[in-house]
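J.: Quick one: the structure is below, questions incoming.
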Amino acid sequence: MSEHAIEPTAASAGHHHIPPHPSVGILLTNFVALMLLLGATVAVAEINLGKGNFIAATAIAATKATLILLFFMNLAYSKPLTRLVACAAFFWLLILFGLSFSDYFARGWLE
Amino acid sequence: MSEAHAFPGPVVHQCDTLDQQRHAGELGMWTFLATEVMFFGGVFLAYTLYRMEHEAAFAEASGKMDLTLGTINTAVLLCSSLTMALAVHAAETARRAMLVACLTATMILGGAFLGIKFTEYYHKYEERLIPFLPPFDYAGPDRDEAAMFFDLYFVMTGIHALHMVIGLGLLAVLLAKAARGGLLGDYSSPVHVSGLYWHFVDIVWVFLFPFLYLIGARQAA
Numbered sequence: 029m030s031e032h033a034i035e036p037t038a039a040s041a042g043h044h045h046i047p048p049h050p051s052v053g054i055l056l057t058n059f060v061a062l063m064l065l066l067g068a069t070v071a072v073a074e075i076n077l078g079k080g081n082f083i084a085a086t087a088i089a090a091t092k093a094t095l096i097l098l099f100f101m102n103l104a105y106s107k108p109l110t111r112l113v114a115c116a117a118f119f120w121l122l123i124l125f126g127l128s129f130s131d132y133f134a135r136g137w138l139e
Numbered sequence: 004m005s006e007a008h009a010f011p012g013p014v015v016h017q018c019d020t021l022d023q024q025r026h027a028g029e030l031g032m033w034t035f036l037a038t039e040v041m042f043f044g045g046v047f048l049a050y051t052l053y054r055m056e057h058e059a060a061f062a063e064a065s066g067k068m069d070l071t072l073g074t075i076n077t078a079v080l081l082c083s084s085l086t087m088a089l090a091v092h093a094a095e096t097a098r099r100a101m102l103v104a105c106l107t108a109t110m111i112l113g114g115a116f117l118g119i120k121f122t123e124y125y126h127k128y129e130e131r132l133i134p135f136l137p138p139f140d141y142a143g144p145d146r147d148e149a150a151m152f153f154d155l156y157f158v159m160t161g162i163h164a165l166h167m168v169i170g171l172g173l174l175a176v177l178l179a180k181a182a183r184g185g186l187l188g189d190y191s192s193p194v195h196v197s198g199l200y201w202h203f204v205d206i207v208w209v210f211l212f213p214f215l216y217l218i219g220a221r222q223a224a
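Line order of the protein sequences matches chains A and B.
Mapping of the first sequence onto our numbering: residues 29 to 139, in sequence order.
Mapping of the second sequence onto our numbering: residues 4 to 224, in sequence order.
And the structure:
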């Protein structure tokens, strides 16, 4: 079964090889920040800001998402290639929204 | 998996180093998550376009959401993300008891989220606000547009809940392995990769919550 068994590498032989990761303190701080932002988004929704409500809610959600991406999902500690793949995911989302909106916004222009 | 039996160390034969193996696993999950971004992106786009077309009707319909339960559920999910992140930390620093405790806590919180979610669904059923389970008893002026809002609500939260169920399945597998003493130190990669999935599902909810429960809802109600 283990015909391709390889020797343990230097990194894995002696001690545990721990990849870069946030400390418990950073994780807890991140959590507190996320809960405060949750409070903020609920509080802001009580105030009538017109279009501003959508902008405020989206901005707070994007901030929360960024905190989760950086510290819970380790992107602040990841290798460049992992970050690139993560950014690509959201870049594709930008294309989806950008091209769709350009269509919807421009629909009335020729009338 | 059965790394311990098939190989003498944590590194599978197609990888040269543990670092390379971890990176490959991480990249694989991120590539999958990129497809998930597109999957959820489609419904978010549909939601945004319909919301722009029928702003008043959507705000009115948003007012029917249970803001208290929605807020509690968001907090529950953020707590589960914390315990998941702590589980990854425990796995990487090879602390078995903490890993088992954190995975268990994450599963309990995930289960609580689904319980609250289905309580909300049941309330909507009692209020007859499920367009695809007629009669649709909506009292407001824009009945058809409100039906569109509720359709989007059930589709978006439904596929999100499905992802939560899959996440709970992953956690159950991790917990079983952790309880037998696995997934520690050099073997912690599955915890990290499953954690990425769990946090991603959390991010989806971070956007669903304000879009469905908050925007315009308080002014219209």
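Every residue gets a Cβ at the ideal spot worked out from N, C-alpha and C, and that includes glycine.
(1) Nearest-angstrom Cα distance between A/P50 and B/W201?
(2) Express the C-alpha separation of B/L30 and A/T110 in angstroms, rounding to a whole number.
(3) For A/P47, decide whether its Cβ has a neighbour in chain B, counting only Cβ atoms nearer than 8 angstroms.
(4) Closest Cβ-Cβ distance between B/M68 and chain A: below 8 angstroms?
(5) Would you mind sorting B/G184 into buried or exposed? The rule is 16 or more other CB atoms within 10 Å of its CB.
(6) Exposed or buried, what is A/P108 when buried is set at 16 or more other beta-carbons lying within 10 Å of its beta-carbon?
(7) Note down, in chain order, every chain A residue with its Cβ under 7 angstroms from the Cβ of B/D205.
(8) Restricting to Cα atoms, I'd like to know which of B/L102, B/T86 and B/A142 is closest to B/D187.
(9) What's the gap between the Cα of B/P144 and the Cα of B/D154?
(10) Can you give the beta carbon distance from A/L124 to B/G44, rounded, assuming they're within the 8 angstroms contact cut?
(11) Is there a Cβ from chain B that is less than 8 angstroms from the Cβ of A/Y105?
(12) Listed from N- to C-terminal order along the chain, which residues in the segment 63-84 of chain A have their beta-carbon within a distance smaller than 7 angstroms of any beta-carbon of chain B?
(13) Mind listing the chain A neighbours of B/M41? Cutoff is C-beta to C-beta under 9 angstroms, in chain order.
T.: For this structure:
(1) One-based indexing of the first sequence puts residue 50 of chain A at position 22. One-based indexing of the second sequence puts residue 201 of chain B at position 198. Their Cα atoms are separated by approximately 17 angstroms.
(2) For the purposes of this step, residue 110 of chain A is taken as the residue at position 82 of the first sequence. For the purposes of this step, residue 30 of chain B is taken as the residue at position 27 of the second sequence. Across the structure, A/T110 and B/L30 are spaced so that their CA atoms are roughly 6 angstroms apart.
(3) Taking the first residue of the first sequence as 1, we reach residue 47 of chain A at position 19. Interface with chain B (8 angstroms Cβ-Cβ cutoff): A/P47 is included.
(4) Position 65 of the second sequence, counted from the first residue, corresponds to residue 68 of chain B. With respect to chain A, the C-beta atom of B/M68 has no partner C-beta closer than 8 angstroms.
(5) One-based indexing of the second sequence puts residue 184 of chain B at position 181. In the assembly as shown, B/G184 is an exposed residue. Its beta-carbon has fewer than 16 other beta-carbons within 10 Å.
(6) Within the first sequence, numbered from 1, the residue matching residue 108 of chain A stands at position 80. By the neighbour-count rule (16 or more Cβ atoms within 10 Å), A/P108 is not buried but exposed.
(7) Taking the first residue of the second sequence as position 1, residue 205 of chain B is located at position 202. The contacting residues are I96.
(8) What you label residue 187 of chain B is simply residue 184 of the second sequence in a count that begins at 1. The amino acid at residue 187 of chain B is misidentified as Asp; the sequence shows Leu. The option with the nearest alpha carbon to B/L187 is B/L102.
(9) Counting from one through the second sequence, the residue named residue 144 of chain B turns up at place 141. Counting from one through the second sequence, the residue named residue 154 of chain B turns up at place 151. The alpha-carbon atoms of B/P144 and B/D154 are separated by roughly 17 angstroms.
(10) Walking along the first sequence from the start, residue 124 of chain A turns up at place 96. Walking along the second sequence from the start, residue 44 of chain B turns up at place 41. About 5 angstroms separates the two Cβ atoms, so the contact holds.
(11) Your numbering for residue 105 of chain A matches position 77 in the first sequence. No, because no Cβ of chain B sits closer than 8 angstroms to the Cβ of A/Y105.
(12) Close to chain B, meaning a Cβ-Cβ distance shorter than 7 angstroms, are the following residues of the segment 63-84 of chain A: M63, L66, T69, V70, A73, E74, N76, N81 and F82.
(13) Position 38 of the second sequence, counting from 1, holds the residue named residue 41 of chain B. B/M41 reaches chain A at A117, W120, L121 and L124, counting residues in chain order whose Cβ is nearer than 9 angstroms.
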